[in-house]
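Below you'll find the structure, written out as C-alpha cells, and then a few comments.
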Amino acid sequence: MVSRREFVKKTMLVVLGGLAVSRLTPLARAAGEAAGQEAPSLPWPYVELDPEETRKLGHLGYYMFECAGGAFWAITVQLKEKIGYPWTLLPIPSREEVMKALEEGRHIPGLMQYGYGGAVGWASLCGSLNGALMAINMVLGEKAEWDKIGKLLMRYYETTPLPTEKSNEYAVKGEFYVKKLKSDKWLPQSVSGSVLCHVSVSKWCRVSGYASGSKERAERCARLTGDIAARAVELLNAYKRGRLEEVAASLTLSPTTASCRVCHYKGKDYEIGQFTRGYMQCESCHTDMRPHAHTFVDIARPSSEPAEEAGSSKGLLAAGAAAGAAIGVVAGALASSKNKEERQ
1 MVSRREFVKK TMLVVLGGLA VSRLTPLARA AGEAAGQEAP SLPWPYVELD PEETRKLGHL
61 GYYMFECAGG AFWAITVQLK EKIGYPWTLL PIPSREEVMK ALEEGRHIPG LMQYGYGGAV
121 GWASLCGSLN GALMAINMVL GEKAEWDKIG KLLMRYYETT PLPTEKSNEY AVKGEFYVKK
181 LKSDKWLPQS VSGSVLCHVS VSKWCRVSGY ASGSKERAER CARLTGDIAA RAVELLNAYK
241 RGRLEEVAAS LTLSPTTASC RVCHYKGKDY EIGQFTRGYM QCESCHTDMR PHAHTFVDIA
301 RPSSEPAEEA GSSKGLLAAG AAAGAAIGVV AGALASSKNK EERQ
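Counting from 1, position 107 in the sequence shown corresponds to residue 107 in full-length UniProt numbering; the numbering is continuous, with no gaps.
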C-alpha cells in the first residue's frame with residue numbers, strides 16, 4: 001500500500017515533469033517528437049504548393065530568419081504541414097509560432113539563417129537563392145533533376161525586376177502576414193544582372209536612392225525573399241507535372257557572356273582560356289574586360305586625331321562591332337554545347 005507521503009512525492013514528480021516539457025522551446029519539442037524516427041534518404045516527398053501563399057510566407061520568414069532561412073522555411077513549413085513525416089524531422093517552427101514570436105519581439109533560431117546577407121553578411125550568393133535551392137535539393141534528390149531547376153531559378157533572379165509588382169501590391173494593401181512592415185511603400189524595382197547579394201543590393205540602392213542600411217532596403221529584401229521562394233515553388237510544381245518548359249524559358253546566355261564562353265569555360269586547355277567556369281553574366285563584374293572582338297569599340301579616339309583618320313577609325317569600330325555581334329551569335333550555339341560537359 002502506498003503511503004500518503006509517497007503518493008504526494010510521485011504526484012509532484014509527475015507535475016514537475018509536465019511543467020518541464022511544457023517549457024521546452026518549439027524546436028526542442030519537435031526534436032523530442034522526432035526522437036526514434038530515422039531520416040529517409042533524399043528525395044523527400046513533395047506536394048504542389050500555392051506560390052502566392054509561399055510568397056507571403058517567404059516575406060514572413062525573412063522577418064524571423066532573414067533571406068536564406070526565410071526562403072527555406074517558407075517552403076519546408078508547408079511540406080511539414082501538408083505531408084508530415086519526414087518533414088517533421090526538421091527543427092522548424094510552425095507559422096503560428098513564428099507570428100507569435102514576432103509579436104512578442106522574440107527570435108527563434110532557424111535552419112539556413114547563416115545565409116543572411118550573402119552568407120554571414122559576406123554579400124556573396126543571395127540568401128533567398130541559397131535557402132530555396134536547399135529546399136529544391138531535398139525535394140528532387142538527384143543532381144540531374146535539381147541542377148536544371150536551380151539554374152533556371154538563378155537566371156530568373158538575374159533577369160527579373162525585383163521586388164515583383166505582386167509583392168509590392170501585397171505590402172501596399174496590407175496583405176502580408178507581418179502586421180508592422182519595415183516599409184509599406186511601393187518600392188522601386190531593379191534588375192540585378194547578378195546572383196550576388198553585393199551587386200543586387202548595390203544596384204537596387206542606386207536605382208531607389210535608399211541606403212543599404214535603410215528600412216526600405218530591408219523591406220525590399222523581405223519581399224524579394226518571398227518572390228524567390230514563390231518562383232521556386234512554381235518551378236517545382238511545373239516539374240512535378242512534367243510541364244517545366246511551359247513556365248520557364250530555356251537557360252540562355254547574354255550575347256557578351258556567350259562570346260566570352262567561346263574560350264572561357266570549364267575545360268582542360270589552359271592556354272586558350274579554360275581557367276574559369278560558371279554561368280553568371282560576365283558583364284555583371286567584368287565591366288573593365290570587354291570581349292576581345294569588341295576591342296576597337298573600347299578604344300577612344302584622341303581629340304587631336306585628324307578627320308581623315310577618324311573616318312577610317314569609324315570603319316574599324318563598325319567592323320569590330322559587327323564582328324562582335326556575329327561572334328556572340330555563334331558563341332551562343334557553341335557555349336550551349338559546352339554546358340553539358342561543364343556540368344560534370
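Glycine residues also receive a C-beta, built at the ideal position from the N, C-alpha and C atoms.
*What does DSSP give as the partner residues of Leu196 in its beta bridges?*
Leu125
*DSSP on Leu162, reduced to helix/strand/coil?*
strand
*Using the Cα positions of Glu234 and His107, report the straight-line distance between them to the nearest angstrom.*
30 Å
*Does the stretch 270-284 come within contact of the stretch 192-202, defined as at least 3 CB pairs closer than 8 Å?*
yes
*Is the beta carbon of Ile75 less than 8 Å from the beta carbon of Pro45?*
no
*Going along the chain, which residues of its own chain have a beta-carbon closer than 7 Å to the beta-carbon of Glu158, five neighbours each way excluded?*
Ser192, Gly193, Ser194, Val195, Gln281
*So is Ser250 buried or exposed if we call it buried at 16+ other beta carbons inside 10 Å?*
exposed
_Cβ neighbours of Val199 in the same chain (closer than 8 Å, five flanking residues each side left out)_ = Ser192, Gly193, Ser284, Cys285
*Quick one: grab the DSSP three-state call for Ser190.*
strand
_Contact under 8 Å by Cβ, Lys112 with Asn137_ = The question names Lys, but residue 112 is Met in the sequence shown. It is not a contact, given that the beta carbons lie outside the stated cut-off.
*If we count the other Cβ atoms within 10 Å of its Cβ and call it buried at 16 or more, is Tyr85 buried or exposed?*
exposed
*asked:* So for Ala119, helix, strand or coil by DSSP?
replied: coil
*Thinking C-beta only, is Gly58 closer than 8 Å to Thr225?*
yes
_For Glu48, which residues in the same chain have their Cβ closer than 6 Å to its Cβ, ignoring the five residues on either side in sequence?_
Asn237
*Hey, would you say Ser128 sits closer than 8 Å to Ala230, going by beta carbons?*
no
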